[in-house]
Amino acid sequence: MVGTSVTVLVIGPAAVSGGEPVPDEMVCAAIDAIDDRHALVEDRVVDVDALWASVIAAALPHPVARLTLVCPGWWSDDRVTRIRRAVGPDPEIVIRRRHEVDGTGGCRVEIAREFVLCRIAGRPVAAVPRSAPATDVARAVVAGVDGGGPVLIDVPARVAGATELAAMIARGLREHGREVGMTDDAALCAAVPDDGPPGAPARRGAGACALLTCGALLAAGWLVPRAEEAGEPVALITEGRVTVRLPAGWMIDRVTGSAGSPRVQADSPSDQLAAILLTQSPAGPDPGRSAAVLKAALERQPEGVFTDFRTDDHRGGRAVSSYTEIRGDREIAWAVFIDGPVRIAIGCQQPAGGGQPIREHCDEAIRSARGTP
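Structure (structure tokens):
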């Protein structure tokens, strides 16, 4: 929506809305590669920063003085910074997350490509992966949202199956006597005021949407934020085909040039060698042989680098294969497991010989990690 005072662009998770139409292929390539340096567009390799600048230029062909960018609440700061950088220095920019725009303080259900996220008073409390059939996902969402009060379902543009899934969730909630509202990209554009950024989202109704017990949520397939309940905030991160909970406030980086496989690395703000690592790969045609394949691969590496291999370990409440990687002044305790079509490896890195314990954070990452098709 382009107004006389404030221009609004809703960006992500799957579309760019609010300005002039942008070619679908350009938008899809930019969003798919938002965490990368390069993307493939019309069989050409392009710089992702330049691609996003082209997307913004196409959506806003004329100069604007004030711009509000509305992005998904679960997008990382790095993603939002990349979008902001693509806009350039000229407009006065305000960044809003989708759940902040309409001031809803009660229960909000956000549909993404890989998962459905539930917020209460703006705070993420649980997520259910979209790896099961839509009817099962909707049933899990309805079962996981308890209490009274209204529920607002956010249906982003161009998220595959979002409209159908939202209808299933709404029908189930209404059958349980809940009042249900819907919002989408157009409604978010219209909700941004022309006289400047809105104030802090209202906190009304924060207690109206309660969650079931941990056992019931786990049975329904929800990821329960245990670290948050203990006072340690966590962030829901989606990388490739894996969604995982990592400690909020840790620096997220994508490592591609050092020893080991390309990976996501979350660094502790208080211990420069403490980190949680995430790598992923296809589960392969025979997931049952994953442990044997991993063991054979480790045995081909230099002696002393990989030790303590176990095929029957348990970490974060999951059955995993585990081993320790020795890299100079640091040790990485790896847990490897299959979830859906993805082989996930999560490493708990600490200084060799000890350091600030981060096992609780590592276990939460292992417990919460989910693969998506």
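Residue numbers (my numbering): 412 to 784. A virtual CB, placed ideally from N, CA and C, is assigned to each residue, including glycine.
Nearest-angstrom Cα separation, counted from residue j out to residue i
i, j, result
"residue 610", "residue 680", "In this prediction, residue 610 has a pLDDT of 40, which is less than 50 and means its spatial position is unreliable; what the coordinates show is noted afterwards. Taking the straight line joining both Cα atoms gives about 30 Å."
"residue 664", "residue 688", "10 Å"
"residue 779", "residue 655", "5 Å"
"residue 421", "residue 674", "29 Å"
"residue 629", "residue 512", "Note that residue 629 has pLDDT 37, beneath the 50 cutoff, so the model's placement of it is unreliable and no number is given."
"residue 417", "residue 502", "10 Å"
"residue 520", "residue 603", "20 Å"
"residue 740", "residue 709", "20 Å"
"residue 636", "residue 781", "In this predicted model, residue 636 has a pLDDT of only 44, less than 50, meaning its place in the structure is not dependable; the value taken from the coordinates is given anyway. Rounded to the nearest angstrom, the two C-alpha atoms are 14 Å apart."
"residue 615", "residue 700", "Summary for residue 615: the model assigns pLDDT 31, below 50, so the residue's position carries little reliability; its value from the coordinates is reported in the next sentence. One C-alpha to the other measures close to 52 Å."
"residue 467", "residue 490", "14 Å"
"residue 718", "residue 508", "44 Å"
"residue 568", "residue 444", "18 Å"
"residue 762", "residue 447", "29 Å"
"residue 374", "residue 517", "With the chain covering only 412 through 784, there is no way to say anything about residue 374."
"residue 464", "residue 737", "42 Å"
"residue 695", "residue 441", "28 Å"
"residue 619", "residue 684", "With a pLDDT of only 40 at residue 619, under the threshold of 50, the placement of this residue in the model should not be trusted; the figure read from the coordinates follows. Roughly 42 Å separates the two Cα atoms."
"residue 790", "residue 543", "For the chain, the structure presents residues 412 to 784; residue 790 sits outside this window and is missing."
"residue 455", "residue 429", "28 Å"
"residue 724", "residue 747", "10 Å"
"residue 713", "residue 764", "21 Å"
"residue 707", "residue 783", "27 Å"
"residue 431", "residue 556", "37 Å"
"residue 742", "residue 469", "48 Å"
"residue 682", "residue 580", "43 Å"
"residue 524", "residue 566", "11 Å"
Member of the options whose CA lies at the smallest distance from the CA of residue i
i, options, result
"residue 599", "487, 744, 419, 471", "419"
"residue 548", "749, 577, 733, 458", "577"
"residue 660", "677, 533, 650", "677"
"residue 437", "451, 430, 777", "451"
"residue 734", "461, 565, 702", "702"
"residue 691", "745, 566, 439", "745"
"residue 460", "545, 584, 492", "492"
"residue 759", "658, 707, 536, 706", "658"
"residue 595", "526, 481, 538", "481"
"residue 545", "591, 705, 522", "522"
"residue 449", "457, 432, 591", "457"
"residue 704", "479, 721, 569, 713", "721"
"residue 585", "441, 567, 560", "560"
"residue 553", "588, 535, 726, 532", "588"
"residue 729", "775, 737, 454, 476", "775"
"residue 426", "562, 573, 755", "573"
"residue 570", "695, 439, 727", "439"
"residue 433", "455, 462, 454", "462"
"residue 536", "605, 645, 542, 777", "645"
"residue 540", "764, 750, 597", "750"
"residue 504", "755, 477, 773", "477"
Unbroken alpha helix (DSSP H) run spanning residue i, endpoints
i, result
"residue 426", "From DSSP, residue 426 is part of no alpha helix (DSSP H); its letter is neither H nor E."
"residue 509", "509-512"
"residue 361", "The structure shown does not extend to residue 361, since the chain spans only 412 to 784, so no value can be given for it."
"residue 774", "770-779"
"residue 603", "Taken as a continuous stretch (DSSP letters only), residue 603 belongs to no alpha helix (DSSP H), as it is neither H nor E."
"residue 491", "488-498"
"residue 701", "701-710"
For residue i, the residue or residues it bridges with in DSSP
i, result
"residue 658", "645"
"residue 690", "756"
"residue 366", "As shown, the chain starts at 412 and ends at 784. That puts residue 366 outside it, with no answer to give."
"residue 762", "741"
"residue 675", "665, 689"
"residue 653", "650, 782"
"residue 506", "480"
Where the beta strand (DSSP E) containing residue i begins and where it ends
i, result
"residue 479", "477-482"
"residue 594", "591-594"
In the region 519-575, which residue ranges form an unbroken beta strand (DSSP E) of at least 3 residues, counting only runs that do not cross its ends?
Restricted to the region 519-575, the beta strand (DSSP E) segments that are unbroken, complete and at least 3 residues in length are 526-531, 534-540, 562-565, listed in chain order.
At 3 residues or longer, what runs of the beta strand (DSSP E) sit wholly inside the region 418-456?
List check, beta strand (DSSP E) in window: 418-422, 449-452.
Ranges of the beta strand (DSSP E) found wholly within the region 719-754, counting only runs of at least 3
Segments of the beta strand (DSSP E) lying fully in the region 719-754: 729-738, 741-750.
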